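Every position in the sequence shown, counted from 1, becomes a number in my numbering once 646 is added.
Glycine included, each C-beta is placed from N, C-alpha and C at the ideal position.
Remember, predicted model here, so these are calculated numbers, not experimental data.
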Amino acid sequence: MRFSYWYSRMMAGRYGSDQLGLGLIVIYLVLVFLARLLGLPILSFLALALLVWGIFRIFSRNTSRRYQENAVFLKYWGRITHWFRTASGRFEGWRGRTLYRMNDKKTHRYFRCPSCKNTLRVPKGKGKIVITCPVCHTEFTKKT
């Protein structure tokens with residue numbers, strides 16, 4: 647009971663931990679692991695500096711400055727996590743188009759319009775044909 651009382655009194659008015667602090671600890675652990683694995687002492691010093699910075703942030707009484715630092719970190723971290731969250735959607739469309747084309751492989755050919763770069767699907771086995779783009783009305787000749 648005494649330790650928790652002492653700790654709560656000591657931490658009163660201090661910033662405490664936040665997302666940036668957690669990120670610093672994770673980066674510290676990764677750098678220590680890499681320093682041990684690769685045998686590079688410079689990584690150990692860098693990891694130690696990050697750990698000291700993280701501890702300084704936890705015990706700091708300048709809460710407004712620590713809040714601003716965390717807000718900047720969260721802004722960039724949000725962009726990174728958003729990119730990873732939407733990455734599956736970017737690859738989903740590509741995968742769906744590829745599977746669709748694989749099913750059509752025996753019956754149709756795909757060409758790109760030389761003007762607007764639109765993808766056009768034409769039936770296979772018709773010989774040399776003139777293809778008209780439905781978007782820009784450019785005509786070009788291809789062999790199916």
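In the three-state reduction of the DSSP assignment, R711 falls in the helix class. L680 and P780 have their C-alpha atoms some 56 Å from each other. The alpha-carbon separation between V768 and P760 amounts to approximately 15 Å. Residues of the same chain with a CB within less than 8 Å of the CB of K721, apart from the 5 flanking positions on each side, do not exist. DSSP places V768 in the strand class (E or B) of the three-state scheme. At least 8 Å separates the beta-carbon of T790 from that of R758. For G667, the number of other beta carbons within 10 angstroms of its own is at least 16, and it is reported as buried. If you draw a straight line from the Cα of Y674 to the Cα of Q714, it comes to about 22 Å. Within the DSSP secondary-structure output, I775 pairs in a beta bridge with K788. Cβ contact annotation for R655 (same chain, cutoff 7 Å, sequence separation greater than five): none.
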